[in-house]
Amino acid sequence: MNANTPPAKSATTTQSYVFLLLNDFTLMSFSGAIETLRLTNQLSGKPHFKWRLAGETGTTVTCSAGIPIPVDIGLDELHRDETIIVCGGVNIEKNTTPAVLNWLRRETRRGVGVIGLCTAAYTMAKAGLLQNKSATIHWENHDGFGEVFDDVELTKAVYIVDGNRATAAGGVAAIDLFLRVVGEHTGQDLAVDVADELIYSAVRTERDTQRLSIPSRIGMRHPKLSSVIKTMEDNIEEPISPAVLAKDVSLSTRQLERLFRRYLNRSPKRYYMELRLQRARNLLLQTEMSVINVALACGFSSPSHFSKCYRSHYDITPYRERGAHSAG
Numbered sequence: 003m004n005a006n007t008p009p010a011k012s013a014t015t016t017q018s019y020v021f022l023l024l025n026d027f028t029l030m031s032f033s034g035a036i037e038t039l040r041l042t043n044q045l046s047g048k049p050h051f052k053w054r055l056a057g058e059t060g061t062t063v064t065c066s067a068g069i070p071i072p073v074d075i076g077l078d079e080l081h082r083d084e085t086i087i088v089c090g091g092v093n094i095e096k097n098t099t100p101a102v103l104n105w106l107r108r109e110t111r112r113g114v115g116v117i118g119l120c121t122a123a124y125t126m127a128k129a130g131l132l133q134n135k136s137a138t139i140h141w142e143n144h145d146g147f148g149e150v151f152d153d154v155e156l157t158k159a160v161y162i163v164d165g166n167r168a169t170a171a172g173g174v175a176a177i178d179l180f181l182r183v184v185g186e187h188t189g190q191d192l193a194v195d196v197a198d199e200l201i202y203s204a205v206r207t208e209r210d211t212q213r214l215s216i217p218s219r220i221g222m223r224h225p226k227l228s229s230v231i232k233t234m235e236d237n238i239e240e241p242i243s244p245a246v247l248a249k250d251v252s253l254s255t256r257q258l259e260r261l262f263r264r265y266l267n268r269s270p271k272r273y274y275m276e277l278r279l280q281r282a283r284n285l286l287l288q289t290e291m292s293v294i295n296v297a298l299a300c301g302f303s304s305p306s307h308f309s310k311c312y313r314s315h316y317d318i319t320p321y322r323e324r325g326a327h328s329a330g
């Protein structure tokens with residue numbers, strides 16, 4: 003988001019964007035952003051927005067679906083009134099290259115604003131562009147990002163705008179963010195028309211979170227069960243005993259056991275263990291943390307116990323999981 007964006011309904015200039023496509027970028031976020039801008043121009047009959055595509059090689063960039071996309075420029079010097087939109091996707095650590103980082107640092111020193119889509123918050127943070135700023139990233143990468151960049155205020159919002167930095171979590175969150183951009187630059191009436199054209203009837207804001215609510219995810223609505231699951235998710239590093247979890251929602255341990263068995267077909271202890279192992283797998287695949295540190299971050303005081311539990315659940319040891327991912 004450009005720091006010089008004019009107020010709504012007073013836009014007389016064209017906003018210029020440069021989409022930096024990283025290897026393995028996701029088409030959904032890229033197309034959601036660019037289609038929102040294109041439709042704004044089409045519906046208004048005015049060139050409110052223009053854009054160029056950039057890639058490290060200046061030729062083509064292949065998205066995560068295996069489709070090559072030709073780009074207009076390489077890592078060239080930009081005009082100061084342009085805003086960079088970094089389009090991330092899978093394998094974000096590998097695709098955040100030194101050349102990309104140096105280019106982002108150089109351009110931002112010249113005052114260029116930066117927006118990150120999907121996993122691009124990682125690239126922005128690696129370049130030092132999110133220090134002491136709020137940001138968001140796709141929920142699958144949330145755990146790994148939080149462990150690596152402790153100087154970023156990470157949220158689970160669909161998008162976040164902080165000065166001339168903005169991040170969107172991936173998927174259709176790019177549409178939400180760019181509908182806001184359209185509203186700020188052209189007025190809210192046109193943003194509503196664009197949303198209608200996209201058949202996008204549930205526009206979200208920074209106050210909305212990425213994932214479905216706990217009742218929606220588990221397929222039922224039970225306030226006490228939802229409260230316990232939320233407490234579990236918020237306390238992975240230092241797990242809380244079933245007795246304390248039950249007491250917090252005014253249930254006995256046996257009542258809590260029955261509740262989990264009835265609705266989730268597993269014990270509270272088993273459900274908690276699965277949450278911790280899922281977090282551990284995210285950290286193993288998304289960070290360079292040692293297996294021992296991953297174990298500690300997920301509430302396992304013994305590496306051997308962690309390895310045993312991990313193998314029982316995923317049918318592979320954490321060491322082999324890390325090795326297979328690195329080889330892939």
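The sequence shown maps to residues 3 to 330 in the working numbering. By construction, the Cβ of each residue, glycine as well, lies at the ideal position given by its N, Cα and C atoms.
- Comparing alpha carbon positions, the residue from G185, L200 and T59 closest to H50 is G185.
- Pairing Q44 with S203, the inter-Cα distance amounts to about 20 Å.
- Within the same chain, Cβ atoms closer than 8 Å to the Cβ of A299 are found at E149, I238, E239, R281, A282, L285 and M291, the five residues on either side in sequence being excluded.
- For F302, no beta strand (DSSP E) run applies, since DSSP gives it neither H nor E.
- L277 places its beta carbon less than 8 Å from that of M234.
- For S314, the three-state secondary structure derived from DSSP is helix.
- In terms of Cα proximity to P100, the closest of G130, Y316 and I87 is G130.
- Contact annotation: L41 and V196 have beta-carbon atoms nearer than 8 Å.
- For Q257, the enclosing alpha helix (DSSP H) starts and ends at T255 to L266.
- Cβ contact annotation for I177 (same chain, cutoff 7 Å, sequence separation greater than five): G34, T38, L200 and Y202, in chain order.
- Residue pairing by DSSP places Q280 in no beta bridge whatsoever.
- Residue nearest to Y19 within the set P70, D74 and N25 is D74 (criterion: CA-CA distance).
- With fewer than 16 neighbouring CB atoms inside 10 Å of its own CB, Q133 falls in the exposed class.
- The continuous alpha helix (DSSP H) containing R108 extends over residues P100 to R111.
- Between the region 117-128 and the region 82-100 there are three or more C-beta pairs closer than 8 Å, enough to call the two in contact.
- A direct Cα-to-Cα measurement between Y312 and Q17 gives close to 50 Å.
- A residue is called buried when at least 16 other Cβ atoms come within 10 angstroms of its Cβ; I294 does not meet this threshold and is exposed.
- Our two residues, L261 and G90, have alpha carbons roughly 41 Å apart in a direct line.
- Rounded to whole angstroms, the separation of the alpha carbons of L77 and V102 is 8 Å.
- Taking a cut-off of 8 Å for Cβ pairs, the region 167-181 and the region 108-123 touch, as three or more such pairs fall below it.
- Cβ contact annotation for I36 (same chain, cutoff 8 Å, sequence separation greater than five): F21 and W53, in chain order.
- F27 and I71 have their C-alpha atoms some 10 Å from each other.
- P305 is not a Cβ neighbour of Y274, given a cutoff of 8 Å.
- By the Cβ-count criterion, D152 is exposed, with fewer than 16 other Cβ atoms from all chains shown falling within 10 Å of its own Cβ.
- Counting of Cβ neighbours within 10 angstroms places T59 among the exposed residues, the total staying below 16.
- DSSP lists L119 and Y161 as the bridge partner or partners of A170.
- With at least 16 other beta carbons inside 10 angstroms of its own, V154 counts as buried.
- When DSSP states are grouped into helix, strand and coil, E84 belongs to the strand group.
- With contacts defined by Cβ atoms closer than 8 Å, L106 and G57 do not form a contacting pair.
- Sequence-distant partners of A297 (beyond 5 residues in either direction) whose C-beta falls short of 6 Å from its own C-beta, in its chain, are P305 and F308.
- Distance from H140 to A171 at the Cβ level is roughly 5 Å; contact confirmed, criterion being Cβ atoms closer than 8 Å.
- For V174, the CB contacts under 8 Å within the same chain, skipping 5 residues up- and downstream, are M30, G34 and Y202 in chain order.
- The DSSP assignment places 17-23 as complete runs of the beta strand (DSSP E) inside the region 7-54, in order along the chain (cut-off: 3 residues).
- For the pair V194 and I231, the Cα-to-Cα distance works out to about 37 Å.
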